[in-house]
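Trainee: Numbering-wise (my numbering), the sequence shown opens with residue 747 and increments by one.
Sharing a structure below in structure tokens format, with a few things to ask.
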Amino acid sequence: MTTKFTSRRAPVYADIPDKKWNNWRWQLSHRLNTVEEIEKIIKLTGSERDALSAQGLFRVDITPYFISLIDPDNPNDPIRKQVIPTATEMVPFTAMMEDSLAEDKHSPVPGLVHRYPDRVLMLVTTQCATYCRYCTRSRIVGDPAATFSREEFEMQIEYLKRTPQVRDVLLSGGDPLVLAPKILEEILRRLREIPHIEIIRLGSRVPVFMPMRITDDLTEMLQKYHPLWVNIHVNHPNEISAELDEATDKLAKAGIPLGNQSVLMAGVNDCPHIQRDLAQKLTRIKVRPYYLYQCDLVEGAGHFRTPVAKGIEIIEALRGHTSGYAVPQFIVDAPGGGGKIPLQPNYVISYSDHKIVLRNYEGYMTTYEEPAEYKVHDSKTCAYCQNKRPEPGQSGVMGLLDGEEMFIKPEGFDHIHERGGLQHRLKDDAKWKPLGIGSGKLEDNS
């Protein structure tokens, strides 16, 4: 028998009529952000009080629904840690960055990030229903003055129209589901008018922060713009409630595939048993675990970071111990804009020219005999290979494997290795200078 998920409402909201409580606009307009408001629900620690009173800290706003999920008597509650700031946010750490994923560097027009050949990230708002303390985009998110203009939106649309290799658009921000319904529909409609855009995706934590936003009107509107996918963001099993179950059920019945992206955080979900419970409960509410992210090197998030080995340990504990559908990919989003890099335990022990040695989740080891004869796929005569050529310079390792390229060289490689050697060149070329003895780096002063 399937266990029913529960609902919770903080005692301070006991007298709020259900009609108001279940109205997403009421939830947005009654968000909490001050010491006085929050202490009506939970007793704050000194560190939390200091942070809430500090100037210049990342914005705080919490919906009444979401703060009700916090255990008011537990200072280490995993939901509490995600949305209520502490003084540790003000402690710098090694490699901390403002824009750790170099999104601004990959923005051909404001609010549009084009890092991968066939897909773009479209930032449509800087506002969220609730603000996560580890937010990757805290440099812009939460600032009402940083919202995107109509002019910038038109620039995004025009870029997409003239970039035919883009087939997949991810709407994010901020959170697209906090937009006024008419604005959200206009964005979807304008994207659907572009012939080469095949898939639209929404990245949203609204179903988790404010599940009453998933109304029948919303799902009816979204259905008009298929194929459309939604990734939600749940980090801990305590976030899965009866209300979230109802919201994901509505989305699923509207034909919208659902995935989950979570962030690995110290003291929140850095436990294989928590992660297994989360993965299994997500699949019960029709949400497939998609990504488990290593925490980004963003300012204010140092206290959430775990060693990368912890994420690999978690995947090791999931594989074979729960359904394959319930095992997410563990991802490091490469600092500096390198994109998502999947990591997993090593299941390949050894291989030769005819045999590969593998292990399973139990440590059972086996061999797989390779075929004695294999006719190599000929990309020169394959219609798919010829018609689906990647954007120049974007083929990466695939280009090496299919014979398009023989090597990948770092930027400036040929320049550095010209005849005469590096030191000889540096004497004659004022354009280049060493950054420091032993640094191995060059700076372009042109």
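Backbone N, C-alpha and C define an ideal beta-carbon position, used for all residues, glycine too.
1) Taking the beta carbon of glutamate 849 as the centre, do at least 16 other beta carbons fall within 10 Å, making it buried, or is it exposed?
2) Quick check: leucine 923 and proline 953, are their CB atoms within less than 9 angstroms of each other?
3) Thinking isoleucine 978 and valine 1033 are a contact (beta carbons under 8 angstroms), I'd like their distance in whole angstroms, please.
4) Less than 6 angstroms between C-beta atoms, sequence neighbours within five positions excluded: which residues of the same chain meet that for glycine 1109?
5) List the endpoints of the continuous beta strand (DSSP E) containing proline 1088.
6) Say whether the region 1051–1066 touches the region 1001–1020, bearing in mind that this needs 3 or more beta-carbon pairs closer than 8 angstroms, one atom from each stretch.
7) Measure the alpha-carbon distance for arginine 1171 versus valine 859 and round it to whole angstroms.
8) Relative to the alpha-carbon of valine 887, which residue among Arg959, Asp807, Met901, Pro854 has its alpha-carbon at the smallest distance?
9) Give me the Cα-Cα distance between glycine 792 and histidine 852, rounded to the nearest whole angstrom.
10) List in chain order: all unbroken beta strand (DSSP E) runs of 3+ residues lying wholly within the region 1031–1098.
11) Give the DSSP-derived three-state secondary structure of leucine 790 in the structure shown.
12) Ordered along the chain, which non-local residues of its own chain (more than five positions away) have a Cβ less than 8 angstroms from that of alanine 892?
13) Closest to aspartate 1099 by C-alpha separation, out of Thr1112, Ile1087, Gln1090, Pro1117, would be which residue?
14) Glutamine 1169 by DSSP, collapsed to three states: which one?
15) Start and end of the alpha helix (DSSP H) containing aspartate 1111?
16) Starting from the N-terminal side, write out each stretch of the alpha helix (DSSP H) that is 4 residues or longer and does not extend beyond the region 752–840.
17) How many Å lie between leucine 990 and threonine 834 at the Cα?
18) Give every residue of the same chain whose Cβ lies closer than 8 angstroms to the Cβ of arginine 908, excluding the five residues on either side of it in the sequence, and list them in chain order.
19) Between which two residues does the beta strand (DSSP E) holding leucine 858 run?
20) Given this structure, state the Cα-to-Cα distance separating tyrosine 862 from aspartate 1079, to the nearest angstrom.
21) Assuming valine 980 contacts leucine 1024 (C-beta within less than 8 angstroms), just tell me the rounded distance between them.
22) So who's on the other strand from leucine 923, going by DSSP bridges?
23) From aspartate 1042 to glycine 1084, what distance separates their C-alpha atoms?
24) Do you know how far the Cα of alanine 1063 is from the Cα of glutamine 1026?
25) Leaving out the 5 sequence neighbours to the left and right, which residues in its chain are closer than 6 angstroms to cysteine 881 when beta-carbon positions are compared?
26) Exposed or buried, what is serine 884 when buried is set at 16 or more other beta-carbons lying within 10 Å of its beta-carbon?
27) Candidates Ile1087, Tyr905, Asp1124: which alpha carbon is nearest valine 855's?
28) Here's a check: name, in chain order, each residue in its chain whose Cβ is nearer than 6 angstroms to the Cβ of tryptophan 772, leaving out the five neighbours to either side.
29) Any beta carbon from chain C within less than 9 angstroms of isoleucine 946's own beta carbon?
30) Determine the direct distance from the alpha carbon of aspartate 761 to that of arginine 1065, and round the result to whole angstroms.
31) In the DSSP assignment, find the unbroken beta strand (DSSP E) run with lysine 1101 in it and report its ends.
32) Is it the case that the region 998–1013 contacts the region 795–804, given that we only count it when at least three CB pairs across the two stretches are under 8 angstroms?
33) Please say whether isoleucine 1031 and threonine 994 have beta carbons closer to each other than 9 angstroms?
Mentor: On the basis of the coordinates in this document:
1) buried
2) In this structure, proline 953 lies closer than 9 angstroms to leucine 923 by Cβ.
3) Contact annotation, isoleucine 978 with valine 1033: C-beta distance approximately 6 angstroms; criterion of less than 8 angstroms satisfied.
4) Spatial neighbours of glycine 1109 in its own chain (CB-CB distance under 6 angstroms, excluding positions within 5 residues in sequence) are not present.
5) 1085–1089
6) Yes: at least three Cβ pairs fall under 8 angstroms.
7) Low per-residue confidence applies at arginine 1171: pLDDT is 45, beneath 50, and the placement is therefore not dependable, though the value from the model is reported in the following sentence. So the alpha carbons of these two residues sit roughly 37 angstroms apart.
8) Asp807
9) 40 angstroms
10) The region 1031–1098 contains these whole beta strand (DSSP E) runs: 1034–1040, 1075–1080, 1085–1089, 1094–1097.
11) In the three-state DSSP reduction, leucine 790 falls in the coil class, being neither helix nor strand.
12) Thr872, Ile886
13) Pro1117
14) Residue placement at glutamine 1169 is poorly supported in this model, since its pLDDT is 48, which falls under 50; the coordinates still yield a value, given next. It is helical.
15) One point to set straight first is that residue 1111 is methionine, not aspartate, in the sequence displayed. Note, methionine 1111: premise wrong, no alpha helix (DSSP H); beta strand (DSSP E) at 1111–1115.
16) 764–767, 770–775, 781–784, 792–799, 810–813, 824–829
17) 30 angstroms
18) none
19) 858–862
20) 13 angstroms
21) 7 angstroms
22) Partner(s): none; leucine 923 has no beta bridge.
23) Taking the straight line from one Cα to the other gives about 13 angstroms.
24) 13 angstroms
25) Val887
26) buried
27) Tyr905
28) Lys766.
29) Structure shown: chain C not included; a single protein chain is present.
30) 46 angstroms
31) 1101–1105
32) no
33) yes
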